[in-house]
């Protein structure tokens, strides 16, 4: 279809309609009324001429809700016309082409879709892997921070871009593993537990009680062991044994 001829012919003969769709190139996305509209030019027309602000189709739209996903300037889009009226176009979708390619090239296996992906211009990614025994969902930032949820191993992994810090929730192994190349801090109000790979472990409950309770309990130091307090009580329901090469009681 020659869009130049069609447009001019329509304007001269209003009874003529354009049924079907045509492609366009996005030229503007900063809608002054914030209605999610865009401007488009037709490749077959003078490049300086473009549409007014026109609406585009969304997967869901309503009052302060819906899926808000604008194209970028220079993206290729597909347009349809209201009752064939060339002055009332709607953007009904976006198109890949020989220059703008899909973000995933290995999405199909044995004629079945195994990967579906959402990827933004900056590189934020949401990847759905739909494959037997490999089902997972991955969320990734441009820098490489990731959250991976895997059904096969019943595992959720949160990892930073450096790869040195991670938290793994292992449903199959019934375990939670937090790993850091430096320090791990657990904090609740004034209480904290700090695990520092270069300085040791510090448990601080501030002025609140610190209680350790369990079955047989062993406290062992490779060097000095020091217990200090305003008042210290040592009590056993049976014998209390204190042994050492030298025992000093002051």
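Numbering (our numbering), first residue to last: 4 to 253.
Glycine included, each C-beta is placed from N, C-alpha and C at the ideal position.
Span of the beta strand (DSSP E), counted from its first residue to its last, around residue i
i	result
residue 119	118 to 122
residue 180	178 to 182
residue 108	That residue, residue 108, is in no beta strand (DSSP E); it is neither H nor E in DSSP.
residue 24	24 to 31
residue 141	139 to 143
residue 129	128 to 132
residue 96	92 to 98
residue 191	186 to 191
residue 197	194 to 199
residue 80	79 to 84
residue 157	From DSSP, residue 157 is part of no beta strand (DSSP E); its letter is neither H nor E.
residue 149	149 to 153
residue 210	Unbroken run through residue 210: none, as it is neither H nor E.
residue 169	169 to 173
residue 42	42 to 44
Residue i, buried or exposed, once every other Cβ within 10 Å from all chains shown has been counted against 16
i	result
residue 249	exposed
residue 239	exposed
residue 43	buried
residue 179	exposed
residue 54	buried
residue 7	At residue 7, the pLDDT of 48 sits below 50, so the modelled position is not reliable and the matter cannot be decided from this model.
residue 29	buried
residue 27	buried
residue 252	exposed
residue 90	exposed
residue 71	exposed
residue 236	exposed
Proximity of residue i and residue j at Cβ, strictly below 9 Å
i	j	result
residue 79	residue 56	no
residue 82	residue 25	yes
residue 192	residue 168	no
residue 94	residue 68	no
residue 185	residue 156	no
residue 234	residue 228	no
Assumed close pair residue i, residue j - CB separation to whole angstroms, cut-off 8 Å
i	j	result
residue 74	residue 41	7 Å
residue 172	residue 158	7 Å
residue 127	residue 20	With 8 Å as the limit, residue 127 and residue 20 do not qualify as a contact, their Cβ atoms being about 41 Å apart.
residue 32	residue 60	With a Cβ gap of about 15 Å, residue 32 and residue 60 do not count as contacting.
residue 194	residue 176	Not a contact, Cβ separation roughly 28 Å.
residue 138	residue 163	Contact flag wrong, Cβ pair sits at about 24 Å.
Residue i CB to nearest heavy atom of the ligand MN below 8 Å
i	result
residue 205	As presented, the structure is devoid of all ligands, the ligand MN included, so that no description of it is given.
Given 8 Å, three or more beta-carbon pairs between the segment 214 to 227 and the segment 184 to 199: no
At least three beta-carbon pairs within less than 8 Å, the segment 144 to 161 to the segment 111 to 128: yes
At least three beta-carbon pairs within less than 8 Å, the segment 112 to 121 to the segment 130 to 144: yes
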